[in-house]
Amino acid sequence: MSDGNERLRSEELQGSWAMEAQELLDGTKGKEREEARRAFGLEAAETIRDRTLTLFNRGRRMPAGTFSGVDFVEDMRELGNQDVAFIGAPYDGGTTFRPGTRFGPSAMRRISSSTGSRFNPGMGVDLTESLDMVDVGDVLIIPSNLEKSFDQIAMAVSYVAEREIFPVVLGGDHAIGYPDVRGLAPYIDGNIGIIHFDRHSDISEKSMDERMHGSPFFHATNIPNAPPANLVQIGIGGWSGSRDGLKIARDREATVITVDDIDRYGVDRIIEYALEIVWRNAKAVWISFDIDVTDPAFAPGTGTPVPGGLLPRELLKMMRAFGAEGLAGMEVVEVSPPYDQSDITALLGAQAILEVLGAMVAGGKLGRRVDDLPERPY
Ligand SMILES: [Mn+2]
224 MSDGNERLRS EELQGSWAME AQELLDGTKG KEREEARRAF GLEAAETIRD RTLTLFNRGR
284 RMPAGTFSGV DFVEDMRELG NQDVAFIGAP YDGGTTFRPG TRFGPSAMRR ISSSTGSRFN
344 PGMGVDLTES LDMVDVGDVL IIPSNLEKSF DQIAMAVSYV AEREIFPVVL GGDHAIGYPD
404 VRGLAPYIDG NIGIIHFDRH SDISEKSMDE RMHGSPFFHA TNIPNAPPAN LVQIGIGGWS
464 GSRDGLKIAR DREATVITVD DIDRYGVDRI IEYALEIVWR NAKAVWISFD IDVTDPAFAP
524 GTGTPVPGGL LPRELLKMMR AFGAEGLAGM EVVEVSPPYD QSDITALLGA QAILEVLGAM
584 VAGGKLGRRV DDLPERPY
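Numbering (my numbering), first residue to last: 224 to 601.
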C-alpha cells in the first residue's frame, strides 16, 4: 500500500492485475459459445476479411424480441420448410439526411410483438393458423461499409429465397433495396416486377459518390431479370430527391405514379394499372415499401419526410391488392424510431407486412387457406 509519498509501481495498478486475469478468464464456456455463434450465424460474405464474423448476427447486440412474437431461429443451418422469414437489416449508412433507421427492425419487432392470434375479420384469415413464420434475427451489418453490408444482405436474402421461404426484410434505409433484389433475383425463373412505394424516386446512380439510399432502383433495374419496364413507383412528389431520378426513370421507361394521380384516378384504377405493368412478362413481384410515402402526420418517424403523402387506408388497400395477386418478397424501409411518436410509424410498417401476408393467404398464394368460409357480401 502506498503511503502517498513513494513512486507508484505498475504492479500496484488494478489495470495490471486485470491484464493478467483476462487470459485465465478465457475458459471453455466462452470458447463453446464462440464456436456455436459461428456455426449458427453461417459464413459471412466473401468480402468480409474477418472470418470470425458471421452472415447473420449471433451474439452481438441481439434484438430484444421477434417480429409478431414468432419463434426465433438461432441455428440458421436449421432453416427450411417455413413459409415466411423476417430478416432484420439494420443498416443506415446509406442515409443522406437524418440517420436512425438502424433501429427500425427493433422498433417494428417491439410494436408487433404479440402472444395472441393474428386474426383479421375483413380477410377471414388467422396468420398463426395459416403460416409457419419465423424471425431469423438481423443480418450482420458492417456499419461503416455500404458495399460489404450489401454483400451480407444479398447473401442473407438468397439464403432464405433458396429455401423457397417468403422473405420480409425489416430495414434499414432504402440503400438495402438494391441488395434485397440482388439476393432474390437468382431464385426467380424469369423477370421480377417491383412495386416501389415512395415520395422520392430513389433511382439516381449515386449520391455523394456512393450507392446511397437514393440509388437502389438504378442498380436493382440493372439486374438482367429486374427490368425497369416492370418498375412501378407509387407516391412520388414533393420538393426533394426526384429531379435526377425522373430523367433516369424516363430514359429507362419506368412507370411513375404521383399522389395527384391517385387523387385523380382513385386507388382502384391505380391498383389495376400498376398490376398490369408490374406483372407484364414477369414471373414474380417484389414490394419495396418506403414508409415515407405516407403523410408524415401518420408516419413522422422517418429521415426524409414529405408532407402530402398517402393515407394509411389508401396504402393498406394497395398492399392487400398486390398481396392477393402473389409476391416473392417484400421490404419495409426508412422507419426511423428517433423521430417517431408513440411508435405509430413502426406500427404502420408492421401492419403493412401483416396486410400483405394476410392477403396472400386469402388469395391462396401462400400457406394454408380455410376454403369453406361463408360467401362474402362483397
Ligand atoms: Mn423515400
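Using N, Cα and C, we set each Cβ at its ideal position, and we do this for glycine too.
Quantities reported herein were computed from a predicted structural model and do not represent experimental measurements.
Can you tell which of the options has the C-alpha that lies nearest to the C-alpha of residue i?
i      : options                        : result
Ala197 : Arg536, Glu578, Phe290         : Here the chain comprises residues numbered 224 to 601, so residue 197 is not present and cannot be evaluated.
Thr351 : Asp306, Val392, Ala379         : Asp306
Met583 : Pro528, Ser559, Trp509, Leu570 : Trp509
Asp491 : Arg543, Ala312, Leu265         : Arg543
Gln375 : Ala312, Leu469, Gly347         : Ala312
Thr291 : Ile310, Leu231, Gly461         : Here the sequence assigns Ser to residue 291, which means Thr is not the residue at that position. Of the listed residues, the one whose Cα sits closest to Ser291 is Ile310.
Gly460 : His423, Asp467, Arg487         : His423
Leu363 : Val357, Ser337, Ile271, Phe512 : Ile271
Arg261 : Ser430, Arg274, Leu589         : Arg274
Gly590 : Val348, Arg232, Gly316, Ala268 : Val348
Ile399 : Glu554, Thr568, Leu236         : Glu554
Arg321 : Ile576, Asp595, Glu557         : Glu557
Asp315 : Ile567, Ser559, Thr568         : Ser559
Ser372 : Pro523, Leu550, Ala268, Ala241 : Ala268
Ser463 : Ala452, Asp421, Thr478         : Asp421
Thr527 : Glu428, Tyr562, Val501, Gln456 : Tyr562
Val455 : Phe389, Phe263, Ala507, His419 : His419
Ala384 : Gln237, Val529, Ala551, Gly323 : Ala551
Glu370 : Gly323, Ser337, Asp432, Arg386 : Asp432
Thr338 : Val293, Tyr488, Ile365, Lys429 : Val293
Glu387 : Val404, Gly323, Ala308         : Ala308
Gly323 : Phe263, Pro366, Lys429         : Pro366
Asp474 : Asp249, Ala507, Thr444         : Thr444
Ala166 : Ala497, Tyr601, Asp595, Phe545 : Because the chain spans 224 through 601 in this model, residue 166 falls outside it and cannot be assessed.
Arg599 : Arg487, Pro344, Glu476, Asn368 : Pro344
Ala507 : Ile417, Ala497, Lys429         : Ile417
Tyr410 : Glu476, Lys429, Phe389         : Phe389
If we count the other Cβ atoms within 10 Å of its Cβ and call it buried at 16 or more, is residue i buried or exposed?
i      : result
Lys254 : exposed
Ser381 : buried
Val287 : At residue 287 the sequence reads Ala, which differs from the Val that was named. By the neighbour-count rule (16 or more Cβ atoms within 10 Å), Ala287 is not buried but exposed.
Leu247 : exposed
Val593 : exposed
Gly303 : exposed
Thr318 : buried
Leu354 : buried
Ser565 : exposed
Ala244 : exposed
Tyr241 : This sequence places Ala at residue 241; Tyr is not what is there. Classification of Ala241: exposed, given that the 10 Å Cβ count is below 16.
Asn453 : buried
Asp412 : exposed
Pro451 : buried
Arg341 : buried
Leu533 : buried
Gly587 : exposed
Asp249 : exposed
Asp483 : exposed
Thr251 : exposed
Ser233 : exposed
Ser465 : buried
Within a Cβ cutoff of 7 Å, which residues of the same chain sit near residue i, ignoring the five residues on either side of it in sequence?
i      : result
Ala573 : Met331, Ile334, Ser335
Ala408 : Ile415, Ile446, Asn448, Ala449
His442 : Tyr401, Arg434
Asn504 : Asn414
Ser481 : Checking the sequence, you will find Thr at residue 481 rather than Ser. Result list for Thr481: Ile459, Gly460, in chain order.
Pro535 : Thr517, Phe521, Leu571
Met285 : Gly360
Thr568 : Ile514, Ala522, Pro523, Gly524, Thr525, Val558
Glu537 : Ile485, Val490
Asp403 : Ile376, Val380, Val392, Glu554
Gly531 : Gly460, Gly461, Val482, Asp518
Leaving out five residues on either side along the sequence, give the residues of the same chain with a beta carbon under 8 Å from the beta carbon of residue i.
i      : result
Leu265 : Thr277, Leu278, Phe279, Met299, Arg300, Tyr382
Lys540 : Val490, Ile494
Phe263 : Thr277, Phe279, Arg281, Glu297, Asp298, Met299, Arg300
Val529 : Arg422, His423, Gly460, Gly461, Trp462, Ser463, Asp515, Pro519
Please work out which residues of its chain come closer than 6 Å, Cβ to Cβ, to residue i, disregarding the five sequence neighbours upstream and downstream, and give them in chain order.
i      : result
Gly406 : Ala377, Val380, Ser381
Asp425 : His397, Gly437, Pro439, Phe440
Val296 : Leu302, Val357, Val359
Ile471 : Ile426
Met346 : Gly581, Ala585
Asp467 : Ser427
Ile500 : Val455, Thr478
Gly179 : The structure shown does not extend to residue 179, since the chain is modelled only from 224 through 601, so no value can be given for it.
Phe512 : Phe420, Val555, Ala575
Determine, using beta carbons only, whether residue i comes closer than 9 Å to chain D.
i      : result
Ala520 : Although the question refers to chain D, the structure presented lacks it and comprises just one protein chain.
_Chain-ordered list of residues that sit, by beta carbon, closer than 5 Å to a heavy atom of ligand 1_ = Asp421, His423, Asp513, Asp515
_Any contact between the region 390 to 401 and the region 318 to 328? By contact I mean 3 or more CB pairs, one from each, below 8 Å._
yes
*Is there contact here, the region 483 to 500 with the region 509 to 527, by at least three beta-carbon pairs under 8 Å?*
no
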